[in-house]
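Using this note's numbering, the letters of the sequence shown map in sequence onto residues 181 to 290. Positions of the beta carbon are idealized from the N, C-alpha and C atoms, including for glycine. Please read these numbers as outputs of a predicted model, since none were measured by experiment. Down below is the structure, laid out as structure tokens.
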Amino acid sequence: MSPEPLTLTPAAARRIALIAEKQARAPILRLAVEGGGCSGFQYKFDLADAPEGDDMVSETDGVRLVVDPVSLDLIAGSTVDFVESLGGAAFKVENPQAAAGCGCGASFGI
181 MSPEPLTLTP AAARRIALIA EKQARAPILR LAVEGGGCSG FQYKFDLADA PEGDDMVSET
241 DGVRLVVDPV SLDLIAGSTV DFVESLGGAA FKVENPQAAA GCGCGASFGI
């Protein structure tokens with residue numbers, strides 16, 4: 181069995197579960213890549229009601245991360261984490277394919 185193309189950390193799973201519970205939604209995070217941002221591409225996070233037919237699904241602690249095939253080509257092998265620091269709290273994508281990124285971590289270039 182090959183490793184999952186995306187990894188959701190336990191910290192990210194806990195945060196998604198908390199957000200989903202407050203919004204009375206399923207604990208499913210959709211991660212997509214869109215054109216834009218200061219480095220060419222940007223990450224988009226949203227809660228989903230269910231995976232779509234061709235989505236890649238990764239699960240950690242009962243929380244699912246879903247990604248469409250086009251976005252997956254740009255972020256395969258990535259880890260999605262939730263980090264808290266003095267500057268704030270945010271989801272962070274560690275993308276091994278990104279050749280460049282911005283200071284805020286919300287966009288990347290390949």
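Counterpart residues of residue i in DSSP-defined beta bridges
i, result
"S258", "L186"
"E264", "A269"
"L198", "In the DSSP output, where bridge partners are listed per residue, L198 has none listed."
"R210", "D226, V246"
Cutoff 6 angstroms; reference residue i; Cβ partners in own chain excluding five residues on either side
i, result
"V243", "A193, I196, A197, P207"
"P249", "D234"
"F262", "A191, A192, R195, F271"
"S238", "E184, L186, L188, L245"
"R210", "D226, A228, V246"
"R205", "L227"
"V273", "Y223, S258, V260"
"M181", "Residue confidence for M181 is low, a pLDDT of 37 falling below 50, so the modelled location carries little weight; the figure read from the coordinates is stated next. Result list for M181: empty, nothing under 6 angstroms."
7 angstroms Cβ shell around residue i - same chain, five flanking residues per side excluded
i, result
"P185", "M236, L252, A256, G257"
"G215", "F221"
Cβ pair residue i, residue j closer than 8 angstroms
i, j, result
"F221", "L254", "yes"
Expected contact under 8 angstroms - CB spacing of residue i and residue j to nearest Å
i, j, result
"A228", "V246", "6 angstroms"
Contacts around residue i, its chain only, beta-carbon distance under 8 angstroms, and the 5 residues preceding and following it disregarded
i, result
"E201", "P207"
"V213", "F221, Q222, Y223, K224, V250, S251, L254, I255"
"P231", "I208, V237, R244, V246"
"T240", "T187, L188, T189, P190, A192, A193"
"Q203", "L227"
Could you give the uninterrupted runs of the beta strand (DSSP E) lying entirely in the segment 216 to 252, keeping only those of 3 residues or more?
-> 221 to 227, 236 to 240, 243 to 247
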